[in-house]
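Numbering (our numbering), first residue to last: 91 to 250.
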Ligand SMILES: [Zn+2]
């Protein structure tokens, strides 16, 4: 029991947080934004930041879910160093967001769908586990992957 039970416990919490990130992602749909959502939780599992892709809504090329969630978390906690937090995001981060994860010293990243075209935490690049950097991130991929991928697939299918 012991260890496997706690591993299952962590997986269940990750899945629960991914549901929250998915909720956030769906809120991007009304503005025509690609539905990607993110949440940041502190060491106690309390949500301290949320974000969704808002590039169309704000006209800001850097308004990705992860960046917005990290900014909100930093504002909530009153510090830029988020070294006791977990970032949960529905799609594998791009290069900018992977960089932001490293800059915020986030130790753990949970992602839903992999992005074979632009993913920068294991797919095209792996900026969060680069041996040349001091900071490395634990990456847990494929959490509610089918749901996260379906949301994006439906979005792009509707636009065609
Ligand atoms: Zn990004």
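All C-beta atoms, glycine included, are put in the ideal place defined by N, C-alpha and C.
Source: prediction; values computed, not measured.
For the beta strand (DSSP E) that residue i lies in, which residues bound it at each end?
| i | result |
| --- | --- |
| residue 139 | 137 to 142 |
| residue 177 | 176 to 181 |
| residue 230 | 228 to 230 |
Enumerate in chain order the residues of its own chain whose CB-to-CB distance from residue i is below 8 angstroms, with the five nearest sequence positions on each side excluded.
| i | result |
| --- | --- |
| residue 215 | 185, 188 and 209 |
| residue 174 | 132, 133 and 197 |
| residue 112 | 127, 180, 202, 234, 237, 238 and 241 |
| residue 91 | Interpretation of residue 91 is limited by its pLDDT of 47, a score under 50 that renders its predicted location unreliable; the figure taken from the coordinates is listed afterwards. No residues qualify anywhere along the chain. |
| residue 143 | 115, 118, 123, 124, 125, 126, 127, 153, 154 and 155 |
Considering just the uninterrupted stretch of the alpha helix (DSSP H) at residue i, what are its terminal residues?
| i | result |
| --- | --- |
| residue 161 | 155 to 167 |
| residue 128 | No alpha helix (DSSP H) holds residue 128; the beta strand (DSSP E) holding it covers 127 to 131. |
| residue 148 | 145 to 148 |
| residue 201 | Residue 201 -> not in any alpha helix (DSSP H); beta strand (DSSP E) instead, spanning 198 to 203. |
| residue 124 | No alpha helix (DSSP H) holds residue 124; DSSP gives it neither H nor E. |
For residue i, verify whether its CB is less than 7 angstroms away from any heavy atom of ligand 1.
| i | result |
| --- | --- |
| residue 40 | Lying before the first or after the last residue shown, residue 40 is absent from the chain, which here runs from 91 to 250. |
| residue 215 | no |
| residue 238 | no |
| residue 156 | yes |
| residue 106 | no |
| residue 125 | no |
| residue 187 | yes |
| residue 151 | no |
| residue 197 | no |
| residue 184 | yes |
So residue i and residue j are in contact, right, with Cβ under 8 angstroms, and what is the actual spacing, rounded?
| i | j | result |
| --- | --- | --- |
| residue 129 | residue 157 | Actually they are not in contact, since the Cβ atoms of residue 129 and residue 157 sit about 13 angstroms apart, beyond 8 angstroms. |
| residue 191 | residue 230 | Incorrect: roughly 13 angstroms between the Cβ atoms, too far for contact. |
| residue 227 | residue 200 | That pair is no contact at about 11 angstroms. |
Tell me which same chain residues have a C-beta within less than 6 angstroms of the C-beta of residue i, skipping the five on either side of it?
| i | result |
| --- | --- |
| residue 146 | 121, 122 and 123 |
| residue 148 | none |
| residue 140 | 114, 129 and 159 |
Leaving out five residues before and five after residue i in sequence, what residues of the same chain have Cβ atoms less than 7 angstroms from its Cβ?
| i | result |
| --- | --- |
| residue 103 | 135 |
| residue 225 | 192 and 195 |
| residue 213 | 182, 204, 205 and 206 |
Between the stretch 178 to 191 and the stretch 202 to 213, do three or more beta carbon pairs fall short of 8 angstroms?
yes
If contact is defined by three or more beta carbon pairs under 8 angstroms, each pair taking one atom from either stretch, is the stretch 147 to 154 in contact with the stretch 163 to 175?
no
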